[in-house]
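Throughout the sequence shown, residue numbering follows the numbering used here, covering 27 to 288 in sequence.
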Amino acid sequence: MSDPRPILFFDSGVGGLSIVAPARRELPAARLIYAADSAGFPYGVKQEAEIAGRVPALLGRLAERYRPRLIVIACNTASTIALGAVRIALDVPIVGTVPAIKPAAAISRTRVIGVLGTAATVRQAYVDDLATRFASDCQVIRHGSADLVTLAEAKLRGEAVSPDAVRDAIAPMLAAPGGDAIDTIVLACTHFPLLSEELAEAVGRPVTFVDGGPGIARRVAYLTQGQTFARDQADLAVFTGDVAPGLDRALARYGFDRVERL
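Here you go:
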């Protein structure tokens with residue numbers, strides 16, 4: 027018998043759509059729900075205590091309402107701060123999104139890696155641990171940018187993105203000691219793959235960008251292996267606050283034709 031339970035993706039904004047896209051390719055039969063905490067957006071400038079309290083409570087409400095078979099926290103900031111608490115609080119499989127430092131270290135030739143995320147993500151001890159475990163022979167240069175999050179959201183709304191604004195946002199990472207040797211950049215915020223073309227232009231030289239989307243898609247496929255799916259309802263996007271003008275068209279491009287408020 028087919029199982030109608032959806033897979034739920036959660037982010038503070040719409041950056042998690044970069045995680046939805048590869049997951050949809052892996053599991054085209056699955057019903058998906060995308061939940062954006064627009065009332066709490068952005069997470070990257072908030073204090074850890076606020077995120078640690080907000081995310082488990084909100085995911086509890088979402089799990090109760092939509093009964094997902096699995097939840098993907100499609101947000102590096104929320105994952106690095108609240109993943110453990112969410113797994114304790116909910117009796118649902120939880121997949122987190124953490125900076126892809128391991129695959130970046132595996133391909134870097136110069137052994138200098140950039141980690142580009144939000145300020146709240148790049149300062150976490152979780153990132154320290156990833157760097158120690160998987161990139162101990164690399165120089166890891168971290169940089170947090172709230173501006174890139176805003177620019178990614180604007181791009182999805184159909185607004186033009188200023189090349190100068192992107193260049194200014196990443197300039198401190200490239201100007202840091204050793205920054206001229208960076209050959210691999212970890213996109214440690216799910217918003218940032220949405221700006222991959224603009225980021226490549228702003229760097230101005232060959233670098234490889236790495237993000238967690240494909241790996242998360244494979245993990246979701248593994249955890250749901252052998253399960254049946256039923257798309258008895260349309261895929262749904264849920265917002266805790268206002269939906270910015272223009273986002274409805276972007277959501278439809280990612281397969282979410284219905285939008286509602288939590």
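Glycine is no exception: its CB is placed at the ideal position from the N, C-alpha and C atoms.
Runs of beta strand (DSSP E) wholly within the stretch 178-222 (minimum 3 residues, chain order) = Scanning the stretch 178-222 from its first residue to its last, the whole beta strand (DSSP E) runs of 3-plus residues come out as 210-213.
List the residues that DSSP assigns as beta-bridge partners of I99.
-> In DSSP, I99 forms a bridge with F36.
Assess, as a yes-or-no matter, whether the stretch 119-126 is touched by the stretch 57-71 under the definition of 3 or more beta carbon pairs within less than 8 Å.
-> Taking 8 Å as the limit for Cβ pairs, the verdict is that the stretch 119-126 does not touch the stretch 57-71.
Compare the C-alpha of S162 against each of G143, V175, G238 and I127 and name the closest.
-> Minimum Cα distance to S162 is reached at I127.
With T123 as the anchor, note down where its alpha helix (DSSP H) starts and where it stops.
-> Taken as a continuous stretch (DSSP letters only), T123 belongs to no alpha helix (DSSP H), as it is neither H nor E.
CB contact flag (I196, A172, <8 Å) | In this structure, I196 sits away from A172, with a CB-CB distance that is not shorter than 8 Å.
Coarse secondary structure for F255, derived from DSSP in three states | Here F255 carries a coil assignment [DSSP, helix/strand/coil].
CB V264 to CB E224, shorter than 8 Å?
-> Between V264 and E224, the C-beta gap is not smaller than 8 Å, which leaves the two residues out of contact.
In terms of residue numbering, what span does the beta strand (DSSP E) encompassing Y60 cover?
-> L58 to A62 is the extent of the beta strand (DSSP E) around Y60.
What are the partner residues of T234, as DSSP defines its beta bridges?
-> Beta bridge pairing from DSSP links T234 with T210.
Mind checking T158: buried by the 16 CB within 10 Å criterion, or exposed?
-> Classification for T158: exposed.
With DSSP as the reference, label L53 as helix, strand or coil.
-> Three-state result, L53: coil.
Could you pull the start and end residues of the alpha helix (DSSP H) that L273 belongs to?
-> Residues L273 to R279.
Give me the Cα-Cα distance between R231 and I211, rounded to the nearest whole angstrom.
-> When rounded, the distance between both Cα atoms is 12 Å.
Using three-state DSSP, classify A228 as helix, strand or coil.
-> In this structure, A228 counts as helix in the three-state DSSP scheme.
Find the nearest neighbour of L43 within the set V175, I208, R257 and R113, judged by alpha-carbon distance.
-> Scanning V175, I208, R257 and R113 for the CA closest to the CA of L43 turns up V175.
Cβ-based burial, S38 [other Cβ within 10 Å; buried from 16] | S38 is buried by the Cβ-count criterion.
Expressed to the nearest angstrom, what Euclidean distance is found between the alpha-carbon atoms of A83 and Q165?
-> The straight-line gap from Cα to Cα measures roughly 37 Å.
Under the three-state DSSP convention, the category L88 falls into | In this structure, L88 counts as helix in the three-state DSSP scheme.
Do G41 and T266 have their CB atoms nearer than 8 Å?
-> No. Outside cutoff.
Proximity to L34 [Cα-Cα], best of S134, D268, G170 and E90 = Looking at the Cα atoms, E90 is the closest of the given residues.
DSSP three-state assignment for R244, whether helix, strand or coil | R244: helix per DSSP, three-state reduction.
Could you tell me the distance, in whole angstroms, from the CA atom of G239 to the CA atom of V46?
-> Cα to Cα, G239 sits roughly 8 Å from V46.
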